[in-house]
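Residue numbers (this note's numbering), protein chains in the order written: chain H, 16 to 894; chain A, 16 to 894.
Structure (structure tokens):
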């Protein structure tokens, strides 16, 4: 016979699988001698059986009856009888906390006859009727599925009649009338009565709790939080204690430390003469723990001692529910408390300093992804209004300013010292100047790897992309969301962490770098085995990444060096028909880039700087054909000549591609556009020499993008080696510059052994690698089907956030293993978006990547995640 | 000491590595007792040494002198002396024939003094001076690098002075003058004289032959023909025999069978009183072998006997050079003769019938790719003029008709019974009607997998794409190539085999299916282990593929079912805003497709028909944004309203994609566009039931395109199974319809084990798989860099023609192995372009593909190639 029912005193407080989190906590607190109202747990196994078979296990009710009998004996009360009626709560409690998602029935054990017995026992008819009407209301709603509104309507009517602001001021008669009318409501809605027999009530309540495992809310919550669907919930049956038995009673919630700041000071709410649900309902204002100390100093001291016991016991900040019944403190529940990112850091570091946990555990305690929140100003969620629209949180942090719909005007406004949010349908390289000048970027199209998103993250600027409900009308200089219009110059606030967009300037919370964070990260650095570098294109970004702890630049893109005021030169080169003009343009570009490279090398002096030669297709530097045609429509409408534009269109058409992502870009440019890559390397080498002359320690490395064959890389390496040899001659010393390649095409990964014979390093461009492996363009897919795929569960995760281990990851593994076998000195890094994703970092550690490179604001995240994966690997090894 | 020099009699006639093809042939003929002018071979090893070290091996000239001495003795002549001077030829000869690419010096062994000796020996001063002037001319050109023109000018002047049409009619004095003036030309051009000493001449000539291994022509030829650069050439030094010693002398070339038709009748040219080079020069008209029989019956008989000996010896059709010197027949050279595809088939089958070779060898003898030429009318290369322009040979065969620049006008013209070539910059699905009506298609853009190319191949229509020098001006209805204009209606001829385009209607050679081809293919079917199916979308194509021996349809695309008069319905569905209209459109489409499927199933009754559900992105069924904008420019210019088009543009913009190849297509459509795939399956099942009712044996299979995850396929399979179950109910019997997937994304290949748990078959779409693996769109790449990559050797082969074994092939191998492991019943085929490529078929055989599927005109090719790979595998196994 399987045992499905365990008294708290008999259950194993560490077996959350069987007893759920709540049940395990109750068992544990009972075991360590805290004053917990006694009760028993119906196991998750019983729930799973019930769901599977459609009925409870054969002898479940017998076991429940036995447990009830024991409970009656222990509490000296009678379930369904007098003189002291035993009332119980029936609460769900799964392995993983799913707050508010499943059902609970309180105050169970009365019927119309027993109310009088209870009134006598408590010497308080008001209390007895209040408890009974609460039970009817909850049972009716939870077990019998009656909507809440009619119950609330009755209470509101009674309050109005009596002229009181809350239910606690209703009289016993009022409450008796409420109970009567609740019976009517239930009967009218369901055709049934609430069972008279409390034992039947209990059985129905337990079954309802089990059923609630599969309600829509719970399923959705599990899906969002990655909780398996087959765990089931326990049902906890516990003697009720009452906080609403007068002024020497009350109820509260407390945290052993401040969950918002992490400060090591207890923190909580207390509501006198109330049941727990009244705290949640928020009708009456709660008191603080200091108030409790004033009202009941000895109970306050007892509570502090309980807190200390629990924190020591669980070695973590705890969240505790308690009730005071006529001067006696009861602990109803405890769990590890939820906290903000800032609090998590402080608590972990403080506890390690206090000796409560080891530094290793402190490092494991903080969720790496949350550190990104600490880098940016943020919106105060306590005071934030409803957002106007929600898009994709593409680059975290909050930003605010005037909405400006054009990059040039944004630049002009910023030059006047105004704060600007650049708002566009989508951004293009033409908008770079405006993006750099703006506080943040908002687009109606694109997703997390759209141009706007990638550039914003690179710049460390908040961005919201794909706010599809917002229509941007560029000509009219307005954006519309439903009936709301944002005109140019209107103040808005965006939250790039959550994707929310607000009208007006919301108060922002500024970030502060705390000594605790510094401590935590220095511990992390001691544990991790994988390097952390940053993707940074500009000296400022490189410097900030270095301050954040980056050990070099894993990816310095050079696209920006071809934009801004140089764009005209670049267009001249592309469209040049005579070679002299082309050469002159190239020379101009070469000279202009030297400063760019010098700045990067200076900011990362002594650390490696991997420069990626130009990657995007040439037509990205030209106006689009569609754009030209649109201008032609305008000219034609105005009766003006379109000849000049027609010429331009023909020139542009030469470079147009149906699928630019699969076209003339990366190393293909280097091979086809004579001298383009050479001038980049020349400029970089000139910067190296300047840095050497200045006494610096420049560590340039050159990376070739989009290599599909070893031969492509070989030819480019020959060119780089030539330029480096010339520079070495000039410098009078041997300037070794490692040459490596992006691994971002499936073929490069599959032929890594060949490529590694030429390459000194690999850097996985996991964005493109994911796009090619899945055969999908993220930008196109996000608008058309990717979100739908995720919502419908066709994809279980977004492969652009977390590396797809089965497909893309397999290519990474092949390339690392075979590349290293061919070239044991090969350095292997990751510079795609996944380089800053903790889940992906775990995989990278496993396959033996040397370093990850991420955007500057994710450097902290990566340092911590790398430490966690190293510690996890260590514990696996030592197991 | 290494032996570098071998007499013909001592050399091993099977060692082509050492002696080259020509030397080995001379040795072999000497060995079997044919009358070959004696001589010796300087080995390829000597050549390699000379190239490597920059100088000939130390004792080479000693070895040459020894061989010369032996030759003098054997021939009873004296090199560099009288009374019978020994003249020799010095010919290159590498392992693989490189006709005309390397150097040869003839008539070597005279100087100004020895001419008189030669004249006396031959009793013919004219002959002696002619031989000498020939030597000077050739030595000057080949060894001393003097251009040919000045020599030709002197001869032309002498002919003019003498009033004769060819050099043979010049007098001995004329030729002596020529020799004198040749000396002058050489001295003036080079500052050097031709060495007096014939031994020096010989050494220089051998060195020149070695050097010619590395001339530009030879290098280019080797690259184009895949001949390694490090083989080197032998130099063959052979006693000259003279066909120009009077009317009882002559020279000729003959084939043991007709190299054009394969008819088992000797075939050749004969030129009396001439040297071999005169035949090549084509100044005088040659005679036939019948003429030789008339002139010299006994020599003709002897030649026939030599031919028979050689054909028996080499067990193949031979190409033989011979010279008759004063009534004696000498054999100068032999090799296996080049032949047309038709001749290759006939010769192989005839020889097997004659018992000369086994059927296995006959099957191995024919190059599979050449069979495609036999399927189509072709241009007679003997009479073809210079092409106007050369593009990409995208779909083989010749076609001719009026150039028409618009699909609708092409359809109209064809309806009037006119023959049409559709000429477009590129084609789109809108052009399908016109393409179907045209004899052939010509585009200025795109390559071998452009829309035009793929559709044309599917239709079995000749096409030339990417004729980039041709500019098509649609509005003006003209195309221009340089100064030549093709107006609408002008007759043109295109050759889809070679990519040539001609003005006017050239005479075409019609194809004929011969009994020999049928025999050869039936042998091939007996040997091959891999199935051969066809890619066919229309009943006619399916029927013709079946006639060609296809064992089913490996890929029936359904795109065409959404075009033509149905396009409007499709557009309505895509743009529909109310659901009723959408449903009505879908129902209309469903009903319309039933006939299409029925036709296919009927044409392939009893054989599998794999239907691929809709693949292309929806916007391919809509006008492009660029097109709409262009129309707007036109309207605006004409002062008309653009409002309606603006509305259309907004609707179209919703579906626009930056990279459509990576967007909403394939199974993504099936999942996102409700019921789109369902109506296709319903229509197919209705066709199945109709065929069953008609007593047929329909073998429908359903294929889902562009699957990246097992889950995508699982959902679609569930839908198909539902529809099939309903149809089974209707039919009153179990209609099992296998469901499988394209493997065309790297991820599908990498996760094949998972996918194979759902799929009943895999079909590799190697075109898309190649595009994704390399990260390149073939259409974009061909215009912008692919050709350049191939020319510069960055890619050694075109991965769209021949499967890239290292990258794409590795994915295929992974998918086959892991797919089969997960599902041992898995059927695995290939339906990409590579399915018809012999080199790729070899790889598919090796990895264990069950069948290849190719376009109907390549079915013969695939049958033969599959047989060859099976035979090759057999011989490897038995080795």
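Where a beta carbon is used, it is the ideal one built from N, C-alpha and C, also for glycine.
Excluding the 5 residues flanking residue i on each side, which residues of the same chain have their C-beta closer than 7 Å to its C-beta?
| i | result |
| --- | --- |
| residue 625 of chain A | 568, 569, 570, 571, 716, 718 and 778 |
| residue 513 of chain H | 408 |
| residue 520 of chain H | 415, 506 and 508 |
| residue 226 of chain A | none |
Residue i versus chain H: which residues are under 7 Å apart at the beta carbon?
| i | result |
| --- | --- |
| residue 766 of chain A | 821 and 822 |
| residue 800 of chain A | 679, 683 and 687 |
| residue 647 of chain A | 648 |
How would you list, in chain order, the residues of chain H whose beta-carbon sits under 8 Å from the beta-carbon of residue i?
| i | result |
| --- | --- |
| residue 786 of chain A | 677 |
Suppose contacts are defined by Cβ-Cβ distances below 9 Å. Is residue i in contact with residue j by that definition?
| i | j | result |
| --- | --- | --- |
| residue 207 of chain H | residue 159 of chain H | yes |
| residue 958 of chain A | residue 502 of chain A | As displayed, chain A neither begins before 16 nor continues past 894, which places residue 958 of chain A out of reach and without an answer. |
| residue 428 of chain A | residue 438 of chain A | no |
| residue 461 of chain A | residue 453 of chain A | no |
| residue 389 of chain A | residue 532 of chain A | yes |
| residue 380 of chain A | residue 362 of chain A | yes |
| residue 471 of chain H | residue 404 of chain H | no |
| residue 447 of chain H | residue 476 of chain H | no |
Give the residues of chain A in contact with residue i, contact being defined as C-beta atoms less than 8 Å apart.
| i | result |
| --- | --- |
| residue 795 of chain H | 672, 673, 674, 675, 677, 678 and 679 |
| residue 826 of chain H | 761 and 765 |
| residue 813 of chain H | Result: empty, since nearest Cβ-Cβ is about 13 Å, beyond 8 Å. |
Under 7 Å between beta-carbons, which chain A residues line up against residue i? List them in chain order, please.
| i | result |
| --- | --- |
| residue 685 of chain H | What residue 685 of chain H touches in chain A: nothing, since even the nearest Cβ is about 11 Å away. |
Going by other Cβ atoms of all chains shown within 10 Å of its Cβ, with 16 needed for buried, is residue i buried or exposed?
| i | result |
| --- | --- |
| residue 674 of chain H | buried |
| residue 559 of chain H | buried |
| residue 353 of chain A | exposed |
| residue 814 of chain H | buried |
| residue 783 of chain A | buried |
| residue 761 of chain A | buried |
| residue 868 of chain H | buried |
| residue 110 of chain H | buried |
Might you give, ordered along the chain, the residues of its own chain that have their beta carbon closer than 6 Å to the beta carbon of residue i, omitting 5 neighbours on each side?
| i | result |
| --- | --- |
| residue 52 of chain H | 253, 254, 256 and 345 |
Sorted by chain position, which residues of the same chain lie with C-beta nearer than 8 Å to residue i's C-beta, five sequence neighbours on each side aside?
| i | result |
| --- | --- |
| residue 340 of chain A | 256, 257, 258, 260 and 264 |
| residue 321 of chain A | 49, 335, 337, 344 and 346 |
Can you list the residues of chain A that residue i reaches, using a CB-CB cut of under 9 Å?
| i | result |
| --- | --- |
| residue 792 of chain H | 672, 673, 674, 675, 676, 677 and 678 |
| residue 708 of chain H | The premise fails here: residue 708 of chain H is roughly 37 Å from chain A at the closest Cβ pair, so nothing lies under 9 Å. |
Could you list which residues in chain H have their beta carbon closer than 9 Å to that of residue i, in chain order?
| i | result |
| --- | --- |
| residue 789 of chain A | 677, 723, 724, 760, 761, 762 and 787 |
Practice problem: Spell out a yes or no on whether the region 536 to 545 of chain A and the region 394 to 402 of chain A are touching, meaning 3 or more CB-CB pairs, one atom from each, closer than 8 Å. | Solution: As far as the Cβ criterion goes, the region 536 to 545 of chain A does not touch the region 394 to 402 of chain A, which means the pair count is below three.
Quiz item: How do the region 730 to 750 of chain A and the region 819 to 832 of chain H stand: do at least 3 beta-carbon pairs fall below 8 Å, yes or no?
Solution: no
Quiz item: Would you call the region 542 to 555 of chain H and the region 609 to 621 of chain H touching, i.e. three or more CB-CB distances under 8 Å?
Solution: yes
Quiz item: At a cut of 8 Å, does the region 808 to 815 of chain A reach the region 723 to 730 of chain H through at least three beta carbon pairs?
Solution: yes
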